[in-house]
Each structure stands twice: as structure tokens, then as C-alpha cells.
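Presented below is the structure to which this report refers.
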Amino acid sequence: MAKASTPRIRRLEEHVVNKIAAGEVVQRPVSALKEMLENSLDAGATQINIVVKEGGNKLLQIQDNGHGIQKEDLALLCERHATSKLVAFDDLEAINTLGFRGEALASISFVAHLTVTTMTKDCAHGLRITYRDGHMDPAGPKPCAAVPGTTIMVEDLFYNMITRKKALRSASEEYSKILDMVGRYAVFSKGVGISCKRQGEARADIHSLANASKLDNIRSVYGANVARNVLPFEQRMGSGADLPKPMDTPCFMAEGFVSSADYSGKKSMLVLFINQRPVECGPLKRALEATYAAILPKAAKPFIFLDVRMPGPHVDVNLHPTKREVGFLHQDALIEAVRAAVEERLLASNNKRTYTQML
Ligand code: ADP
Ligand code: MG
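The sequence shown begins at 1 in the UniProt record's numbering and counts up by one.
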């Protein structure tokens, strides 16, 4: 084989870099919607309404009543690494917003048609503007009638990335991923009403109310059978998760709901938030499933909702562009403490049940 000549190294052009990065942040409709939902929460919205067409492949629309966007900032809105949330890297440890990378809207504008309508509270009218490849329409924003808040419309996702478009699942599968993600936030986000429906449908598939309790929201999202059979749960280690703690001391607070011995789900469900972010944690899920399987006879699958807080410096939120996983210190200690507490709660409810059955 002839020896290949040594290739030269070149810088990628900026739009190529942006398009590659966009594919990482926006993997499918649900990832675009998650970013937009988090933006609405970061904007202090108390009502968020989502409309989806064809599983989000055709349309994702999200309307919020948050603080809106200033006219002067619209030019930067979809520029990569432009954000109102983070200034210095060290701020990441204490970040209290869900976003911080300034990448989401930029990414979306590279892979879809993006239209933003926004109105700040002190403005008499709204502004509407479309974006493409990180830039706003050169004609500039147009005044329009609006209510305070922001509405973002994402159309024809991956219109310019044929392979990615082909790799998407059916509209119904994409939509069920969307409902799964929105449902988690609907339960977690107390004080915020969240609705999600298919375009053209009168009835929303998710509809949580701003003034409802977590248990009310569990009922409306996961059904009466789940809500009837969950036990409140609390466990802490160290104390005062909001206080600065030495890095070598495990410290967390976990609260939520775990299904009782009377509940038997078809598949197990772990809704986990760590420092307000919905995350996956395989080892914790497996430990909890094993605990249920050992105690309950018919391999009943659990429903578990956990809200875990720990000191900011113990969590690395920057593991992945989608922020789906976070890294945290003392993972084994946390898993074992939560598992043991769930076991105790479950055993107590199981004994009570056995006792009642004997009567
Ligand atoms: P990040 O959330 O990491 O800052 P994004 O690309 O998601 O990056 O958003 C860029 C900026 O646009 C945000 O920092 C915020 O100032 C503004 N923004 C986005 N969505 C909204 C919204 N729904 N309401 C108000 N401001 C928004
Ligand atoms: Mg964001």
C-alpha cells in the first residue's frame, strides 16, 4: 500500500463548528424542548404551555409568562456562548439557573427554523423575530401584539440534517419521550403550571396547576393509582445542605415519594432531581429496584420520586452538553443511605399490610 501523504491540519470554519456542536446539544425533539422549558423556568415563569406537532419533528412551541427578553439582547439571543446566566467559571458551583452554557438556542437555530415572540413587563407591545444559523433576521424584530413573556416556536427540526432526521423515531415515540420529560418537571416544579398537548387537540396530556401540591401533581401526571399508593419519604446525611461543607464529608437531603407495598407498576420509574436538575442515575435505580424485588413477592416495580439537594461544590453539572447526567461526590454513601431508608419505609408499610390481611 502506498504511504499516504501527511495531511495538513486546518481550522474548521465557525459555521461547521457550530453545526457539529448543535447536533450534540439537540439530539432529538425532546432535547430541544428540555432546553426551552428550562429557559422558561429560569425566566421565572409560573405558567408554561407547550404544543407539539408530529412528536416535535414538525413543531415545538413553548409559551411562558416569564421576564421576557430585552430588545437590545435579541441580536445575541442565538449566538453561541452568549448567556445572561454565567459570568465567571467559578460561578458554576453556585449556579442557581438551569442554563449556563449559552448554547441551546444557538444550537436549535442551526438545525431548525426558530421564531421568538417576546415582551418584557414594562413594554407596551411585543417583538417578533426569526433566527437562522445563530443570526437574527437582518430586517430586525417586528412589533406585534403580545402578553408579557416569551413564546418560542421551533419548526422542521433537522430540516438541514437528513441523516439525523431519518434516525428519529416515529412521532408517537418522540412524543412519549417529550411527555416523560415534561411530566418530571410538572411534578417537580411547584408553583409553576405546566401543560403539554398535541397541536389541534383540545385536551392536554399533561396539565399541572401552579398552586397544586407535589402529590396532586403526581396524581395528575402519573395517575390516581400511583398517587394513592405512595409514601412520603425523607432522608438526610450531614445537615444543612445549603451550608458550605468540606468536600470530604457526605452531605445531602433527599425527600420525595416512594411506592408502598400495595403498588405494583408494570415498569419501574425513578424520577430523580439533583439540585433541581432532572438526572439519570443508573446505580441508584438498580439499588432501589433490587430492594423492592427482595421485599415484594411479585417482582413489583416501584415508582420513586426523589428530590435530592447537596452543596453546590459537591456536584459537577458540566459533565455533558445535555446536562442529563451530573457527577457528584460520595455517590456510594448517598445511594446506600437512600436505599436503606426506602427499605425501612417499605418494610414498615409491608408489615402493616400483612397484619391487616391477617385480620
Ligand atoms: P443559557 O440558558 O445557557 O443561557 P440559551 O441558549 O438556552 O442559553 O439561552 C440564551 C439566553 O436567552 C438566556 O441566557 C436568556 O437570557 C435568554 N432566554 C432564552 N429563553 C428565554 C425565555 N423563555 N425567557 C427569557 N429569556 C430567555
Ligand atoms: Mg438555556
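Glycine is no exception: its CB is placed at the ideal position from the N, C-alpha and C atoms.
Practice task
Measure the CB-CB distance between Leu60 and Pro141 and report whether it falls below 8 Å.
Solution key: If you check the CB distance, Leu60 and Pro141 do not come in under 8 Å.
Practice task
Taking all protein chains shown into account, decide if Thr6 is buried (16 or more other Cβ within 10 angstroms of its Cβ) or exposed.
Solution key: When all chains shown are included, Thr6 counts as exposed.
Handout entry: Under the three-state DSSP convention, the category Val271 falls into
Key = Strand at Val271.
Practice task
Have a look at Ala241 and Met310 and give me their C-alpha separation to the nearest angstrom.
Solution key: At Ala241 the pLDDT is 49, less than 50, meaning the model places this residue with poor confidence; the figure from the coordinates comes in the next sentence. Straight-line measurement puts the Cα of Met310 at about 5 Å from the Cα of Ala241.
Handout entry: Tyr131 classed as buried or exposed, judged by whether at least 16 other C-beta atoms fall within 10 angstroms
Key = Around the beta carbon of Tyr131, a 10 Å sphere encloses 16 or more other beta carbons of the protein chains shown; the residue is thus reported as buried.
Practice task
Count the other CB atoms, across all protein chains shown, that sit within 10 Å of the CB of Ile20; report buried if there are 16 or more and exposed otherwise.
Solution key: Per the 10 Å Cβ criterion, exposed.
Practice task
Compare the C-alpha of Val192 against each of Glu38, Ser170, Cys251, Gln27 and name the closest.
Solution key: Looking at the Cα atoms, Glu38 is the closest of the given residues.
Practice task
Tell me, please, which residues DSSP counts as bridged to Pro311.
Solution key: None, per the DSSP bridge assignment.
Practice task
Whole angstroms is fine: what's the gap from Lys214's alpha carbon to Arg277's?
Solution key: Those two C-alpha atoms are separated by around 16 Å.
Exercise for the section: Determine, using beta carbons only, whether Ile152 and Val182 come nearer to each other than 8 Å. Expected result: At least 8 Å separates the beta-carbon of Ile152 from that of Val182.
Handout entry: Alpha-carbon spacing of Ala112 relative to Val226, whole angstroms
Key = Cα-Cα distance, rounded: 38 Å.
Practice task
Confirm the yes/no value for this check: CB of Glu79, any heavy atom of the ligand MG, distance under 7 Å.
Solution key: For the ligand MG, not one heavy atom lies less than 7 Å from the Cβ of Glu79.
Practice task
Tell me whether Arg132 sits in a helix, a strand or coil according to DSSP, three-state version.
Solution key: Strand at Arg132.
Exercise for the section: Kindly list the residues whose CB is nearer than 7 Å to the CB of Ser109, restricted to its own chain and excluding five residues on each side of it in sequence; keep chain order. Expected result: Short of 7 Å from the beta carbon of Ser109, and not among the five residues preceding or following it, lie these beta carbons of its own chain, in chain order: Cys78, Tyr131, Arg132, Asp133, Gly134.
Problem - Straight-line gap, Glu14 to Ser189 (C-alpha atoms, nearest Å) - result: Roughly 37 Å separates the two Cα atoms.
Exercise for the section: Tell me whether Lys3 is buried or exposed, calling it buried when 16 or more other Cβ atoms sit within 10 Å of its Cβ. Expected result: Flag for Lys3 reads exposed.
Exercise for the section: Give every residue of the same chain whose Cβ lies closer than 7 Å to the Cβ of Asp91, excluding the five residues on either side of it in the sequence, and list them in chain order. Expected result: Taking C-beta separations shorter than 7 Å and ignoring five residues to either side along the sequence, Asp91 has no partners in its chain.
Handout entry: Residues surrounding the ligand MG [beta-carbon distance to nearest heavy atom under 6 Å]
Key = Matched residues: Glu35, Glu38, Asn39, Gly99, Ala104.
Practice task
May I ask you to report which of helix, strand or coil DSSP gives Ala340?
Solution key: In this structure, Ala340 counts as helix in the three-state DSSP scheme.
Problem - In DSSP terms, what Cys144 is bridged to - result: Partner(s): Gly126.
Exercise for the section: Buried or exposed for Gln63, please, with buried defined as at least 16 other CB atoms from any protein chain shown within 10 angstroms of its CB. Expected result: Gln63 comes out buried.
Exercise for the section: Rank Asn57, Val338, Ile50 by C-alpha distance to the C-alpha of Glu174 and give the top, closest one. Expected result: The option with the nearest alpha carbon to Glu174 is Asn57.
Exercise for the section: Can you check the stretch 43-127 for any beta strand (DSSP E) of at least 3 residues that lies completely inside it and give the ranges in chain order? Expected result: For the stretch 43-127, whole beta strand (DSSP E) runs of length 3 or above, ordered along the chain, are 47-53, 59-64, 113-119.
Practice task
Report yes if the CB atom of Phe257 is closer than 8 Å to the CB atom of Arg236, and no otherwise.
Solution key: No, the Cβ-Cβ distance between Phe257 and Arg236 is not below 8 Å.
Handout entry: Thr117 CB to nearest heavy atom of the ligand ADP below 7 Å
Key = No, the beta carbon of Thr117 sits no closer than 7 Å to any heavy atom of the ligand ADP.
Problem - Per-residue burial, residue 430 [other beta carbons within 10 Å of its own, 16 or more giving buried] - result: Nothing can be reported for residue 430: it is not among the residues displayed for the chain, which extend from 1 to 359.
Practice task
Report whether the distance from the Cβ of Arg324 to the nearest heavy atom of the ligand ADP is below 7 Å.
Solution key: No - the ligand ADP has no heavy atom lying nearer than 7 Å to the Cβ of Arg324.
Handout entry: Whole-angstrom distance between Glu325 and Cys281, CA atom to CA atom
Key = The alpha-carbon separation between Cys281 and Glu325 amounts to approximately 7 Å.
Handout entry: C-alpha gap between Cys196 and Ala293, whole angstroms
Key = Taking the straight line from one Cα to the other gives about 34 Å.
Practice task
Would you kindly work out how many angstroms separate the C-alpha atoms of Ala340 and Ser268, rounded to a whole number?
Solution key: The straight-line gap from Cα to Cα measures roughly 18 Å.
Handout entry: Glu314 beta carbon near the ligand ADP (any heavy atom closer than 7 Å)
Key = Looking at the sequence itself, residue 314 is His, so the reference to Glu does not match. For the ligand ADP, not one heavy atom lies less than 7 Å from the Cβ of His314.
Handout entry: Residue range of the alpha helix (DSSP H) that includes Val17
Key = Annotation: the continuous alpha helix (DSSP H) that includes Val17 extends over 14-25.
Handout entry: Residues sharing a beta bridge with Arg277, DSSP
Key = Among the bridge pairs identified by DSSP, Arg277 is matched with Ile274.
Practice task
From the DSSP output, in three-state form, read off Asp262 for me.
Solution key: Asp262: coil per DSSP, three-state reduction.
Practice task
Less than 8 Å between the CB atoms is what I'm expecting for Pro148 and Thr115, so what's the real figure, rounded?
Solution key: Not a contact, Cβ separation roughly 18 Å.
Handout entry: Ser84 CB to nearest heavy atom of the ligand ADP below 7 Å
Key = Shortest gap from the CB of Ser84 to any heavy atom of the ligand ADP: under 7 Å.
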